[in-house]
Every structure is written in C-alpha cells, then in structure tokens.
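Step one of this worksheet: look at the structure below.
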Amino acid sequence: MRDIAIVAFAQSDHLRRTDECSEVEMVMPVLHSVLAQTGLKTSDIGFTCSGSSDYLAGRAFSFTMTLDGVGAWPPISESHVEMDGAWALYEAWVKLLTGEADTALVYSYGKSSPGSVRDVLTRQLDPYYVAPLWPDSVALAALQAQALIDAGETDEPALAGVAARSRGDAADNPHAQLPGARPQGDYLVQPLRTGDCPPIGDGAAAVVLVAGDRARDLCERPAWIRGMDHRIEAHSLGVRDLTDSPSARLAAERAGAFERPVDTAELHAPFTSQEVVLRKALRLGDDVRVNPSGGALAANPVMAAGLIRLGEAAARIQRGESDRALAHATSGPCLQQNLVAVLEGEAQ
Amino acid sequence: MTAAPSPEVLRAPLVVEFPFTRSLGPVQSAFLTGLRERTVLGVRTGDGTILVPPVEYDPVTADEIRDLVEVAPTGTVTTWAWNASPRRGQPLTTPFAWVLVKLDGADTALLHVLDAPGPDAVHSGQRVRIRWAAERTGAITDIACFEPYESESESEGAGGTAAPAHSGLFDDLVTGITAPARLDYVYSPGRAQTDYINALADRKTVGERCPSCAKVYVPPRGACPTCGVATTDRVEVGPAGTLTTYCIVNIKARGLDIEVPYVYGHIALDGAGLALHGRIGGIPYDQVRMGLRVEPVWTEGARFPDHYRPTGEPDADYDTYKELI
Ligand SMILES: [Zn+2]
Numbered sequence: 000m001r002d003i004a005i006v007a008f009a010q011s012d013h014l015r016r017t018d019e020c021s022e023v024e025m026v027m028p029v030l031h032s033v034l035a036q037t038g039l040k041t042s043d044i045g046f047t048c049s050g051s052s053d054y055l056a057g058r059a060f061s062f063t064m065t066l067d068g069v070g071a072w073p074p075i076s077e078s079h080v081e082m083d084g085a086w087a088l089y090e091a092w093v094k095l096l097t098g099e100a101d102t103a104l105v106y107s108y109g110k111s112s113p114g115s116v117r118d119v120l121t122r123q124l125d126p127y128y129v130a131p132l133w134p135d136s137v138a139l140a141a142l143q144a145q146a147l148i149d150a151g152e153t154d155e156p157a158l159a160g161v162a163a164r165s166r167g168d169a170a171d172n173p174h175a176q177l178p179g180a181r182p183q184g185d186y187l188v189q190p191l192r193t194g195d196c197p198p199i200g201d202g203a204a205a206v207v208l209v210a211g212d213r214a215r216d217l218c219e220r221p222a223w224i225r226g227m228d229h230r231i232e233a234h235s236l237g238v239r240d241l242t243d244s245p246s247a248r249l250a251a252e253r254a255g256a257f258e259r260p261v262d263t264a265e266l267h268a269p270f271t272s273q274e275v276v277l278r279k280a281l282r283l284g285d286d287v288r289v290n291p292s293g294g295a296l297a298a299n300p301v302m303a304a305g306l307i308r309l310g311e312a313a314a315r316i317q318r319g320e321s322d323r324a325l326a327h328a329t330s331g332p333c334l335q336q337n338l339v340a341v342l343e344g345e346a347q
Numbered sequence: 000m001t002a003a004p005s006p007e008v009l010r011a012p013l014v015v016e017f018p019f020t021r022s023l024g025p026v027q028s029a030f031l032t033g034l035r036e037r038t039v040l041g042v043r044t045g046d047g048t049i050l051v052p053p054v055e056y057d058p059v060t061a062d063e064i065r066d067l068v069e070v071a072p073t074g075t076v077t078t079w080a081w082n083a084s085p086r087r088g089q090p091l092t093t094p095f096a097w098v099l100v101k102l103d104g105a106d107t108a109l110l111h112v113l114d115a116p117g118p119d120a121v122h123s124g125q126r127v128r129i130r131w132a133a134e135r136t137g138a139i140t141d142i143a144c145f146e147p148y149e150s151e152s153e154s155e156g157a158g159g160t161a162a163p164a165h166s167g168l169f170d171d172l173v174t175g176i177t178a179p180a181r182l183d184y185v186y187s188p189g190r191a192q193t194d195y196i197n198a199l200a201d202r203k204t205v206g207e208r209c210p211s212c213a214k215v216y217v218p219p220r221g222a223c224p225t226c227g228v229a230t231t232d233r234v235e236v237g238p239a240g241t242l243t244t245y246c247i248v249n250i251k252a253r254g255l256d257i258e259v260p261y262v263y264g265h266i267a268l269d270g271a272g273l274a275l276h277g278r279i280g281g282i283p284y285d286q287v288r289m290g291l292r293v294e295p296v297w298t299e300g301a302r303f304p305d306h307y308r309p310t311g312e313p314d315a316d317y318d319t320y321k322e323l324i
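These protein sequence lines map, in sequence, to chains A and B.
The first sequence begins at 0 in numbering that gives the first Met the number 0 and counts up by one.
The second sequence begins at 0 in numbering that gives the first Met the number 0 and counts up by one.
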C-alpha cells in the first residue's frame, strides 16, 4: 500500500452567522490557505472531493457553487459526498491508495445559520416511524445522555466537566466559536443543558493529501494516515445500546488504533455525553489528550466538524505535539455512523 | 471600476416544503395498518428477537424477516428526555418527555413521547401505555403519545414466545404514507449577488472582473471558476448587448401570461465576459437571429428587465461574440 499523508490543513473562523458570504466566499480563503501552505497550484491537484448538505442550504445541488472556488475549469477530477468532509477525505484516501491520483484536495463546509439545524437534522431520520415525530438532534442526544446516567456511566457534573475542559482548551484556538469556559445554562432538553450542546454556526475546512515521498517535500513533518475505517449501526435507535458505540470500536480496530497507544484523540462529539461513549468505545485512557482544539463543543460547523478533527490531529503531528493521534468523525443521531483514522508522525 | 462596497446583504425568507409520499413494504404496511386498528405488531428475527417497530430485514444478519407477532399496548420506558419547549411538528404542544418504550412482548424500543406533568413524573423503568389518536390513518402519529400506567412490570420475560403470531392481514391495508416536511430558512445571497440585485433596482447591471483572467462575470458570484480567486472589481455592463444564441418556445407554461411562440435567448451585455439569459420581444419570433443587438425593457417597479428588444443597430459581427456562445 502507498503511504499517504495529510500535509496541510486550514479552517475558517467559525461564526454564528456569515450572511455577507456566499458558500464559495466562505470556502475560498480556506482553499487558498492549504494550497499556499504546500505551494501547490490548482493544476497540481489530482483529485478534489468535498462534503456538504443541501438540507443545510435549503437548495438543491448547492455544492456546485463552491466549485467556483477551486478553479474547476478546465475540467478537474472531482467528487462530492452529501456528508461530513471526513467521508470526503476517506474517498480521497481510497483514490490515492489506488494510484489514480497522487494529490488530493478535500474540503467541506456548512452554513447552519440560514435554517434551524435542529429541525433540519430530523430529515435524516427514518421517514416512516421517526421523522414524522420531529425529534430534534438535541432531543435524541438527550435520550442517549439519560441512558448513560441511568447506567452509571456519567452524571451531570461529569458532563459539565467535559464542557468546561473543552471550551477551556478552545481558548487557545483562534478559530473557535465558543472559546473559554462558560456557564452550563438551563436545560435545553433534560438532562442536556446549553453547555452540553454544540454551538450552531457556519464554517469551512480543507486539507491536502499527498502520496509517497512527495509529502516530505511539501511538509516538514507529514501526518501519515496509518489506517482509516468507517462503520454504521442500525438505523432504529431502539435496537441499539445507546451507552456504547460498537461501530466506533470496530472502525478503530480496523484502522489499527488499538495496535499501539495514541497520545492525542480528536473526537467528533458534538454533545458532552457522546465523549463519554467514545472514550469507552475507543479505549482512551486518562493519559490521552482529548480534543486539545476544544472539539465540536467549541465549534461545530455541520458537515465540516468531522473533517476538522482529522485536520486538527494532523496539525498537531505537524507541529510535533503528537506522534500518534486518533481522529474521529460522526454522522447521524446518537453516534450512528463513525469514522476513525490513525495518524502518525515520523521520529523527530 | 470601483471596489465593491459592502452594503447590508439582502435576506429573504425561503420555505422548502414538500409532501413526501412513500410506498410501504409488507411489514411496514402491516404495522401502520395495525396502528390504525389499535393493534401493535412486531416482527420476529431468526434468533427469536422481536423488533418493534418492525423492519423487513434483520439489522444483524440482513435476512428478510416477515414473521409478524402482536405485542401489548403497554410497556416500559428504557430512556427518556424532558422537552420543556415543544417544537413545530412534534406530537404534543405541551411540555412532554421523549421516550424509548419497550412494549410488553418486544425486545427493542419504540421512539415516541410521553404525556406527563413534569420531569419528576418520568423515570426509566416507568410503566406506560399507548394513548391512541382519535382519528387514525395508518401512521406513527396514530399513537397520540404514551401516558403513565400504574401496573406491575410485565412479569413475563419479554420476547420469545410471549407474543402471539399475527397474520398482518387487515381489511383495507395502508400501502403508503404521506409525510409532509417543511423547513424554514432565511436566505442570504452573499455580498456579490446582493450588489448585483441592488444595482438592478437602479436599472443597472453590474458584474465583477476576475483580477487574474480579466473576465467579467454577470451575475457575479464572488469567484472566478477558472482561476479560483475572488472577483472583487465591480464593473457596470450593458445596457445593450448581443444575442448570442436563442430558442423558440412553443409550449405555454402554466401561470405564465406570455403568448407562444416566444423567443428565449442568451444575451452578452456589452462588457460582460459571459451571457445571461432573457426573453426577446418587440420583434416577430421568426425574425430573431444570432448577432441581433438588444437592450433591456423595464416595467414599472420590476427588479429585473421584463425582456430585451432590438436596439435598431446593425447586427454584431460573429467574431465579436463567438467566444461567448
Ligand atoms: Zn479568472
């Protein structure tokens, strides 16, 4: 298998509203940044893959507008996933593994501000038995949180601790929407308080993947992707054990996460309670640095937040602050789908 | 050419609404018809697990499953969440609990809501029963909600042979559902398109020039798709232009009060790097031709030209517009 690395990562500032920017205007600076970091030009990119959702935009084929930002003429090799950009990165990784391309640009973005993201996300649920009840994303996460509390896996003070640690760490992240600890607030849907929930906002991210030795030319310390896998669980919530995440565990196993300890984990846990589930499923001990970026509790641009976890983990390796990191992305209610990547830097 | 100003961006409500109509397979049809008849059906998997709500394929083995059973309208809450602020479309308009309920006889839980006076009146392990909707149509909302139900926990072990088989046959089976969906947005077109729309209010057409390739985009979207860079130099184009290509429309669209046949064309406004489209009027449809010089016709209060008409100038030379076709 070819060695493939993340050599550059950029993200926008994550903001509650970005009315002055169209999607392409929001994405373009991020694309320019990753290209500038590597010195690559659009014409050097072998494959471009993006992730976003029409339901956030309220418009069909909304992603085509952002192609203007990558310089899609003359024609380029391009693909799109109607998912978080972490899955676009997976597609690009496979494309590079096959040898079909040597470099890939992956980007994703989400503008939650035009609509109500809690309502929008109900449309991804089972349309026969669940979606007609309009259970919003916070309500479903709250059911999972209560199941954890009933099982003795956590309690409200522990969840508040996750929130405080995440937002405290985000104080060092210039892109975060909620930097610095803040009050837990009232119940949004009990047992989850405002502080247990992610901010709603707009943002974008991009990474560049490169295969083989070329990665060393473009980046002082590339973040090599040692393994990546994604798994899904049953659609029906009532079939699943909400206190566990067998799909995250299996993806981690197949990605090689359990072969050696990791020192850093960037977890896509938009709700505090989901970090509890993931720490257990991914066997992360207290010695693992979890979400030094602040994670999704500090900035959760839907459809980009998972890609940002991969980017943040890679950037930490590039800066020499991590040698082996786990990056995780999720999609669907209550951690239904999970992607895990293992990233490593070479000995310094 | 001036740097684009940054006025307040435009915003407008955008409602996306659609009635999803879906057909049902045999298991979903039986389940939803059953709800209409106040009967709750589950499905038994190969290993004897009873799934409620039922599905057509085993979530573990992916085997097709059709073995319907009847379960009780009473059950036990497995987890819950108190919703103090009901949102549009949710089953109750007063504060309620979201619940997963394992019905007596089932091994899996159904998502619904519980009508209770407050969070202190809800707990996992609580006994509940279905409150049926007064009018039932064969939908999950035929269960109006659950309500607390004082009884001992079902002593019989859930699942297994406790649930009696059911044929799934009813008179007048429900074979489809209509699931209305409505999402409300406030759309903002961003800076570049706001500038374009605001200029149209003054009956001016503006584009933006790419600083790299110098092409002028009309309407502007803020980026040059060829160069992948921001287009920030604002340029006024037109008002006159050249018809680069056209078609003759012979079918009258519903709700459109334009007589057919009429001509719809691509118009390269003078100074623009690509053509926009509009209707061509003021000339018989069979005299329209490529290269025709046209100008916009505005109607009172309109925010865009109603149509374009001939200016009377000589036709443009083909070489002047061949790159814009
Ligand atoms: Zn250009």
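Beta carbons: idealized from backbone N, C-alpha and C, even for Gly.
Whether residue i touches residue j by CB criterion (8 Å)
| i | j | result |
| --- | --- | --- |
| Pro118 of chain B | Gln189 of chain A | yes |
| Ala169 of chain A | Ser272 of chain A | no |
| Trp97 of chain B | Leu142 of chain A | yes |
| Ile282 of chain B | Arg308 of chain B | yes |
| Ile307 of chain A | Ala140 of chain A | no |
| Ser51 of chain A | His174 of chain A | no |
| Asp314 of chain B | Leu291 of chain B | yes |
| Asn299 of chain A | Pro197 of chain A | yes |
| Gly264 of chain B | Tyr284 of chain B | no |
| Ala254 of chain A | Ala340 of chain A | yes |
| Pro188 of chain B | Ser111 of chain A | no |
| Asp269 of chain B | Gly300 of chain B | no |
| Asn82 of chain B | Ala138 of chain A | yes |
| Ala103 of chain A | Gly45 of chain A | yes |
| Arg323 of chain A | Asp228 of chain A | no |
| Ala210 of chain A | Asp2 of chain A | yes |
Close-in-space but distant-in-sequence residues of the same chain around residue i (CB under 8 Å, 5 per side omitted)
| i | result |
| --- | --- |
| Arg215 of chain A | Pro221 |
| Gly158 of chain B | The predicted model places Gly158 of chain B with a pLDDT of 45, which falls under 50 and marks its position as unreliable; any figure quoted below should be read in that light. The residues are Gly47, Thr48, Ile49, Gly104, Ala105 and Asp106. |
| Arg58 of chain B | Checking the displayed sequence, the identity of residue 58 of chain B turns out to be Pro instead of Arg. Leu50, listed in sequence order. |
| Asp125 of chain A | His234 and Ser235 |
| Trp133 of chain A | Asp118 and Thr121 |
| Gly175 of chain B | Thr20, Arg21, Ser22 and Leu23 |
| Cys234 of chain B | The sequence given here places Val at residue 234 of chain B; Cys does not occur at that position. Met0, Val205, Gly206, Glu207, Arg208, Val215 and Gly270. |
| Arg10 of chain B | Val185, Tyr186 and Ser187 |
Residue environment, residue i, which counts as buried when at least 16 other CB atoms sit within 10 Å
| i | result |
| --- | --- |
| Met27 of chain A | buried |
| Glu349 of chain B | Limits of chain B in this structure are 0 at one end and 324 at the other, which puts residue 349 of chain B out of reach. |
| Asn337 of chain A | buried |
| His111 of chain B | buried |
| Ile250 of chain B | exposed |
| Glu274 of chain A | buried |
| Val23 of chain A | buried |
| Glu343 of chain A | buried |
| Asp318 of chain B | exposed |
| His13 of chain A | buried |
| Glu312 of chain B | exposed |
| His165 of chain B | buried |
| Leu168 of chain B | exposed |
| Leu255 of chain B | exposed |
Cβ-based neighbour list, residue i, same chain, cut-off 7 Å, excluding 5 preceding and 5 following
| i | result |
| --- | --- |
| Glu311 of chain A | Glu265 and Ser292 |
| Thr298 of chain B | Asp305 |
| Glu155 of chain B | The pLDDT assigned to Glu155 of chain B is 48, lower than 50, so where the model puts this residue is not dependable; a value taken from the coordinates is nonetheless given after this. So the qualifying residues of the chain are Ala161. |
| Arg230 of chain A | Ser246, Leu249, Ala250 and Asn337 |
| Glu90 of chain A | Cys48, Ser78 and Val80 |
Cβ-based neighbour list, residue i, same chain, cut-off 6 Å, excluding 5 preceding and 5 following
| i | result |
| --- | --- |
| Glu232 of chain A | Arg239, Ser246 and Gln335 |
| Leu34 of chain B | Asp141 |
| Val33 of chain A | Ala7, Ala9, Ala205 and Val207 |
Residues near ligand 1, CB to any non-hydrogen atom under 5 Å, in chain order? B:Cys209, B:Ser211, B:Cys212, B:Cys223, B:Thr225 and B:Cys226
Under 8 Å, CB to CB, which of the residues in the region 219-250 of chain A have a partner in chain B? Ala233, His234, Ser235, Leu236, Gly237, Val238 and Leu241
Between the region 254-280 of chain B and chain A, which residues of the former have CB atoms less than 9 Å from a CB of the latter, in chain order? none
Where the region 68-88 of chain B meets chain A: residues whose CB sits under 8 Å from a CB there: Thr77, Thr78, Trp79, Ala80, Trp81, Asn82, Ala83, Arg86, Arg87 and Gly88
Name the residues in the region 220-237 of chain B whose C-beta lies less than 8 Å from a C-beta of chain A; which are they? Arg220, Gly221, Ala222, Cys223, Pro224, Thr225, Cys226, Gly227, Val228 and Ala229
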